[in-house]
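Residue numbers (this note's numbering): 14 to 235.
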Ligand code: SAH
């Protein structure tokens, strides 16, 4: 039985902080969508950050992922995922792939995720991270997400993980009834807004105050 010891201990070392994260940061703060909770418990967040930061992967904060960008705080990833009210059959557009963690979470909650990142180095990293984690229902591209992704529109939902002001194109690429979720506002002071497209016009609801890295124009190649 000795050969079981190491894998089991390794599993515990990685699983315990994730369970605690789900309990203390998500359940206690009101995340109650069972599919979202199960997904947050299943996706190995520590594999999406630098090895040097892995020990902090389940802490209650955002972490740097290089190029001046961050992986969002676990609560914010869960909160945004829950606000999309996904049932499993949706095609979702994500703007701001970053390291691909939110992408991985979404890929388990819907049918297909299309994710756009404007920084080439992060796009490459996300592709690597998502390949390792075998997420086959994800399509990535390096481009300016302000233009959306015309080729695959319309989407059932659109989520933006960088803060700023909405591009009109996003609503145009959304199906009637679909949600566009994004952190709205000037630098450093955003509020989550969920806009629902109707056959004519849209309605919107405001949620948590939050701070995201800024939504920027253009593509950044290294
Ligand atoms: N969801 C990510 C969060 C990354 S931070 C995660 O889980 O790690 C937000 C990302 O949005 C950054 O990587 C930034 O480069 C990207 N971004 C900002 N403006 C963008 C734009 N116009 N198009 C595409 N990506 C953009």
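Note that the Cβ used here is the ideal one computed from N, Cα and C, for glycine as well.
Residue from the options with nearest C-alpha to residue i
i	options	result
residue 171	141, 62, 79, 98	98
residue 223	180, 193, 175	175
residue 189	178, 202, 183, 210	210
residue 177	202, 76, 64	202
residue 198	66, 206, 77	206
Residue i: first and last residue of the uninterrupted beta strand (DSSP E) it sits in
i	result
residue 3	Outside the modelled stretch of the chain, which goes from 14 to 235, sits residue 3, for which no answer is possible.
residue 187	187-197
residue 83	82-84
residue 79	76-79
With 16 other Cβ atoms within 10 Å as the buried cut-off, status of residue i
i	result
residue 226	buried
residue 58	buried
residue 219	exposed
residue 88	buried
residue 112	buried
C-alpha gap between residue i and residue j, whole angstroms
i	j	result
residue 138	residue 41	32 Å
residue 105	residue 167	9 Å
residue 233	residue 119	25 Å
residue 161	residue 186	7 Å
residue 101	residue 124	6 Å
residue 44	residue 86	14 Å
Residues that residue i bridges to, as DSSP identifies them
i	result
residue 128	107, 153
residue 223	203
residue 170	105, 192
Limits of the unbroken alpha helix (DSSP H) element including residue i
i	result
residue 117	114-120
residue 137	133-145
residue 96	87-96
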